[in-house]
Every structure is written in C-alpha cells, then in structure tokens.
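Its first residue numbered 92, the sequence shown is counted upward by one per residue in our numbering. Glycine included, each C-beta is placed from N, C-alpha and C at the ideal position.
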Amino acid sequence: MAGQEARTKAMRIAVSVPGVEAASLKGQDKDQIEVKGDDSIDTVKLVTIIRKKFGHAELVSVAEDKKEEKKEEEKKPEVVPLTMRPPSYHVPVSYPIYEPPSCSIM
C-alpha cells in the first residue's frame with residue numbers, strides 16, 4: 092500500500108464486510124491486513140472489493156482461529172420460591188327469617 096491514506100481506506104473496506112470482527116495491519120511494511128471474524132466472512136467478496144479500489148490484492152491464507160475452548164459451568168436454574176396466598180374460605184351467611192306466619196286462624 093502506498094501511504095497512510097491507502098491503508099486507512101483498505102481498513103475501512105475490510106471492516107465494512109459483514110462478519111468481520113477485527114482488522115489489523117501486519118507485515119514489516121504494514122502492507123498486509125489481517126481480518127478476524129466468524130465463519131460468514133465472504134473472502135472472495137472482500138478481495139474483489141479491495142481489488143476494485145486498489146488494483147491489486149492477494150489472499151495470503153485462510154485459517155480458523157484456534158481459541159481455547161472454555162468449559163463454562165453448567166448454570167443450574169435458580170430455584171425461585173413459590174409464593175402462594177392462603178386459601179380463602181367462603182362461609183355461607185344465613186339470616187333467620189322473621190316473618191309472621193302466613194297461616195292464621197281468625
């Protein structure tokens with residue numbers, strides 16, 4: 092890459108491709124871009140875009156990032172105490188009937 096402006100422009104292009112998580116300059120002259128991301132990076136698309144802007148681009152290598160697999164502790168779901176209201180009892184209310192008898196002898 093010719094100058095700092097070209098490097099900056101190439102970095103912007105590299106980061107704009109979907110799936111790219113990080114990009115950095117590598118090499119003695121800082122003329123190589125190392126791109127890291129997930130499996131959805133389209134390397135052909137990335138190289139094609141850079142070739143359109145700069146005229147020359149070369150894909151040096153493609154490799155999986157070997158990360159240490161961290162075993163996460165299986166989180167057990169928290170036990171949430173079940174809160175219940177006490178049952179409500181319905182007591183029937185009865186009222187005595189105070190009516191004069193309907194049958195009367197006169």
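* Buried or exposed by the 16-neighbour rule on C-beta atoms within 10 Å, applied to Ala97 -> Exposure of Ala97 is indicated by the presence of fewer than 16 other C-beta atoms within 10 angstroms of its C-beta.
* **Anticipated Cβ contact below 8 Å, Lys127 with Ala113, distance rounded** => Going by Cβ atoms, the distance from Lys127 to Ala113 rounds to 5 Å, so yes, they are a contact pair.
* Residue closest to Val138, alpha-carbon to alpha-carbon, out of Pro192, Met102 and Pro178 -> Checked all of Pro192, Met102 and Pro178; the closest Cα to Val138 is Met102.
* Of the residues His147, Pro192 and Val170, the one placed nearest Asp122, counting alpha carbons only -> Ranking the options by Cα distance to Asp122, first place goes to His147.
* Alpha carbon to alpha carbon, how far is Ile124 from Ser115? -> Straight-line Cα distance between these residues: approximately 6 Å.
* Asked: Taking Cβ positions only, does Glu112 come closer than 7 Å to chain D?
  -> As a matter of chain content, chain D is missing from the structure shown, which is built from one protein chain.
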